[in-house]
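See below for the structure under consideration.
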Amino acid sequence: MITLTGINKIYRTREIETQALENVNLEVNKGEFLSIMGPSGCGKSTLLNIMGLLDTPTNGTITINGTSTEKMKDRTLAEFRNRMIGFVFQSFHLINSLNVIDNVELPLTYRKISAKESRHLAEEVLQKVGLSHRMHHMPSELSGGQCQRVAIARAIVGDPEIILADEPTGNLDSKMGTEVMDILHRLNKEEGRTIIMVTHNEEQAKQTSRTIRFFDGRQVE
Amino acid sequence: MNTKYFKQIWAHLRQDPVVSIISVLGTALSIFLIMLVVMLQQVKVAPFSPESNRSRILYAQYISISNKKWGDGSSNGPMDVKIAKELYKSLKTPEAVTIYSVCTIPAVISIPNSGTITTDALLTDADFWHVFDFRFIKGKPYDQVSFDAAIPSIVMAESMARQLFGNIDIIGKNVEFNYTSYRIVGIVKDVSTLASTAYAQVWVPYTTTSYINNIWCEVGGSFSTAILARSRKDFSAIRTECNQQLAISNKKLSEKGYKILSRNRPYDQEKKTITYGANIEPDINADHRQKIIIFIILLLVPAINLSSMTQSRLRRRIAEIGIRRAFGSTRSKLLKNIITESFIVSLLAGIIGLIFCFAFAYLGTDILFAQPYQSTFCQPTIDTSILMQPATFLYALGFCFVLNLLSSLIPAWRASRINIVNALNGKIK
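For the record, the sequence lines run as chains P and A.
Here the first sequence stands for residues 1 to 221, numbered as in our numbering.
Here the second sequence stands for residues 222 to 650, numbered as in our numbering.
In C-alpha cells:
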C-alpha cells in the first residue's frame with residue numbers, strides 16, 4: 001500500500017543542519033493498523049507528514065498504491081491527498097469559523113460533487129461517529145472528544161483508503177481517548193481502512209497490528 | 222456562489238470586530254473617495270434628461286479665426302448664427318443640428334401687476350427640442366414656423382411657471398420677457414444646472430431677440446452649435462463633412478484675409494467638458510493620463526493599508542490554510558478562495574462607500590457640483606436619474622475588484638506558498 005524507500009529528511013537553517021529522518025525504509029500493507037512510537041523529536045510526525053504528502057523528503061521515494069509521488073505537481077498531490085488520505089491531528093485542527101457539518105464536508109468541497117450529495121455523505125459519517133445531533137454546533141461548543149470525532153468524520157468522509165493519525169488521543173482524557181480508539185479500530189476492522197498512527201501510548205500501540213519504533217530519526221524496531 | 226463563503230466571512234468578521242470595522246470602513250471610505258471623483262466626471266458625460274443623447278452629440282461651442290494681419294494671433298469665442306448655419310446647419314449626415322446661445326442669459330420676466338424676476342434664458346432654434354429631450358408637462362415646444370416667423374414664444378421650466386403664476390395651467394398666457402410680450406407655449410420639468418448645454422429656466426427663439434446682431438471679426442457672435450448624429454459611428458463622417466464646409470467658408474473669407482481655424486472641432490461630450498478656453502484644443506489624452514494617475518493614487522494608498530490588514534487576518538488563519546491544503550486544496554484554489562472572500566468583503570465595503578457617496582452627493586450638492594464658470598445663480602440640483610447611472614455601479618464594482626486584487630493578491634499568494642506542515646503548526650514560512 002505505502003512503500004518508503006531510503007527516506008531522509010534534513011532541516012537546514014543558516015547555522016545548523018538537523019537530520020530528522022535517516023534512511024527510513026518501510027512498507028505498510030493494505031488494511032494494516034500500524035503504530036509508530038518513539039520519544040519526542042525522534043521524527044515520528046515528520047515521517048507521518050511525509051507519508052501523508054504534506055511534506056517532501058530530502059531524498060528517498062514514496063510509493064502509494066504503486067504510484068510514485070516523487071514527481072507529482074501541486075495539483076496532483078492535492079488530488080491524491082484528497083482521494084487517498086484522511087488526516088486526524090492531535091489538536092483536531094477544525095476550522096473554528098465553520099460549524100461541525102461544514103468542517104466535515106471540507107474534503108468534499110475539493111471534489112466535483114453536488115452540495116446535496118456532499119451534505120448527505122457528511123451526515124452519514126457524523127452518524128457513524130455518533131455526532132449527528134451536533135451537526136450545526138460550532139467547534140468551540142464541543143468537548144475535546146467530540147472535536148476529535150468530528151476530525152475523524154472529516155478524515156473518512158471522502159472514503160480514503162489511508163488514515164494518518166498523529167497522536168489522536170494526545171489531547172484527550174482516557175475515557176475520550178478510548179472512544180476515539182474504538183472508532184479507529186472499527187474503521188480498520190469493519191471497513192478495512194489502512195491506519196497509521198503516531199502514539200506515545202504503549203497500551204494503544206499494543207492493540208494495533210504492528211508497531212515500529214523510532215529513535216533519533218532512525219527506525220530501531 | 223457557495224453560501225459557506227458568506228458564513229465563513231461573517232464568522233471571521235465577527236472574530237475581531239474592531240479590525241473588521243476598520244477594514245470595512247477603510248475600504249468603504251476609499252471607494253467613497255474614488256466614486257466621488259468618478260461621479261464628478263459622470264455628471265459631465267453620462268446621459269440624463271434633457272441631455273439623454275450626449276453620447277451621440279458633437280459640439281461646436283466656439284469658433285477660432287485668424288487674419289493674415291494678426292500674425293500668429295487668433296480670435297476665439299462663440300459664433301455668429303450666419304456662420305453656424307453655413308458650417309454646421311448645412312450638414313447632411315447628422316440627424317439634427319441646433320444653434321443656441323453659448324450660455325444662459327440673465328433676463329427679466331414678469332406678469333402684469335407683479336414685480337420682475339431675474340431668470341436664466343437660453344436662446345435657441347426649433348431643432349433644439351429635437352436634439353435635447355425635454356420632458357414637457359404642458360404644451361409643446363415652439364416649431365420651425367413660429368421660429369422662422371420670429372413669433373415671441375416661450376417655454377418655461379415648471380418652477381419658474383409656479384413662481385410667476387402659482388400653477389402650471391398657463392399655456393397661451395402671456396409674460397413679459399425682457400419687457401416684450403411672449404406667449405407661453407410649453408412647460409417643461411426643471412432642468413439641472415448640470416445639464417451644461419440645455420439648462421435654462423426659460424427658452425425663447427433667438428430670432429425674437431437682438432442677440433443675433435452681436436457680431437465680431439466677421440464670424441464671431443453669441444452662439445454655439447450642437448450636432449446630433451444618428452449614431453457615434455457617424456462622428457467621423459460628420460467631421461469630414463465639417464472640414465469640407467470649413468474649406469468652402471475659408472475660401473470665401475480668404476478674400477478679406479480671414480481664416481477659420483479648425484482646432485479639430487466639433488468635439489464630443491467628453492472633450493467638451495475639458496474645454497476651458499476657445500483658443501486651445503483640449504488634450505484628451507493628457508486628461509486621461511491625469512485621471513488614471515489620480516485613480517492609481519486613490520487606489521494604491523488604501524490598497525497598501527488594506528493589504529497589511531489582509532495579511533494580519535491571514536496570519537490568524539494560518540492553521541486553516543494548512544488544514545485546507547492537507548484535505549485537498551491546491552495552491553491556486555486557495556488563492557482563489559482567499560481573493561474571493563476578500564472580494565466579498567470589498568464588495569460589501571463598496572456598497573457602503575457608494576451609499577456614502579450618494580448621500581454626500583445629495584447633501585453636499587452645492588459643494589460637490591459647484592461649477593467654476595457658472596452663468597447662473599441657481600444652485601446645482603441633482604436627482605437620481607443623474608446619479609444612478611449603470612456606469613457608476615460598474616465603475617464602483619470595477620474599483621472594488623481592483624482594490625481587492627491590489628490588497629489581497631500578495632498576502633493570498635504568500636499564504637498559498639506556505640509549507641503545509643508549518644501552516645498546521647501556525648508558522649508562516
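Every residue, glycine too, gets a C-beta built ideally from N, C-alpha and C.
Values in this document were obtained by computation on a predicted structure and should not be read as measured data.
Between P/Leu21 and P/Ile7, the gap from beta carbon to beta carbon is short of 8 Å.
Against chain A, the beta carbon of P/Pro107 has neighbours under 7 Å at Phe548 and Gly549, listed in chain order. Contact annotation: in the segment 439-466 of chain A, no residue has its CB less than 8 Å from a CB in chain P. Taking a 10 Å sphere around the C-beta of A/Arg538, we find 16 or more other C-beta atoms and assign the residue as buried. In chain order, Ser97 make up the part of chain P whose C-beta sits under 9 Å from the C-beta of A/His233. The beta carbons of A/Ile560 and A/Ala633 sit closer together than 8 Å. Contact with chain A is found for P/Glu79, since one of that chain's Cβ atoms lies less than 8 Å from the residue's Cβ. Taking 8 Å as the CB threshold, P/Leu26 stays off the interface with chain A.
According to DSSP, A/Pro426 shares a beta bridge with A/Thr345. In the DSSP assignment, the residues bridged to A/Trp437 are A/Gly441.
Listed along chain A, the residues sitting closer than 9 Å to P/His93 by beta-carbon distance are Ala540, Glu541, Gly543, Ile544, Ala547 and Leu645. For A/Ser331, there is no enclosing alpha helix (DSSP H); the enclosing beta strand (DSSP E) has its first and last residue at Ile326 to Ser331. Contact annotation: P/Ala122 and P/Val104 have beta-carbon atoms nearer than 8 Å. Here A/Thr337 is exposed, its C-beta having fewer than 16 other C-beta atoms within 10 Å.
Of the candidates A/Ile572, A/Leu482 and A/Ile603, A/Ile603 places its Cα closest to the Cα of A/Gly585. For P/Tyr110, the residues of chain A that pass the 9 Å Cβ criterion are Arg545, Phe548, Gly549, Ser550, Thr551 and Lys554, in the order they occur in the chain. For the segment 609-643 of chain A, the residues whose beta carbon sits under 8 Å from a beta carbon of chain P are, in order, Asn640, Ile641 and Val642.
Between P/Arg75 and A/Asn640, the alpha-carbon positions lie close to 15 Å from each other. The beta carbons of A/Ile332 and A/Ile358 sit no closer together than 8 Å. Annotation for P/Gly192: Lys30 and Gly31 place their beta carbon closer than 8 Å to its own, counting only its chain and skipping 5 residues before and after. What P/Leu54 touches in chain A, judged by beta-carbon distance under 7 Å, is Ala547, Ile641 and Val642, going in chain order. Contact fails between the segment 287-296 of chain A and the segment 242-259 of chain A, because fewer than three Cβ pairs, one in each stretch, are under 8 Å apart. Only residues of its own chain outside the window of five on either side were considered, and among them Ser35, Met37, Glu167 and Ala205 have a CB closer than 7 Å to the CB of P/Thr199, listed in chain order. Close partners of P/Arg75 in chain A (Cβ separation under 8 Å): Thr551 and Ser553. Residue environment analysis places A/Ala580 among the exposed positions, since fewer than 16 neighbouring C-beta atoms fall within 10 angstroms of its C-beta. Scanning chain A for C-beta atoms nearer than 9 Å to the C-beta of P/Asn82 yields Phe548, Gly549 and Ser550, reported in chain order.
The beta strand (DSSP E) runs lying completely inside the segment 455-518 of chain A and spanning 3 residues or more are 479-482, given in chain order. At least one beta carbon of chain A lies nearer than 8 Å to the beta carbon of P/Phe87. For P/Asn23, the enclosing beta strand (DSSP E) stretches over residues Glu17 to Val28. Each of A/Ser529, A/Cys324 and A/Gln262 was checked against the Cα of A/Ser417, and the nearest Cα belongs to A/Cys324.
DSSP places A/Arg537 within a helical segment (H, G or I) once states are collapsed to three. In the three-state scheme derived from DSSP, where H, G and I count as helix and E and B as strand, P/Asn171 is classed as coil. The Cβ-Cβ distance between A/Pro271 and A/Phe353 falls below 8 Å. In the DSSP assignment, A/Ile565 falls within the unbroken alpha helix (DSSP H) covering Arg552 to Leu584.
Scanning chain P for C-beta atoms nearer than 7 Å to the C-beta of A/Gln490 yields nothing, as the closest lies near 48 Å away.
Listed by position along chain A, the residues whose Cβ is nearer than 7 Å to that of P/Asn49 are Val642.
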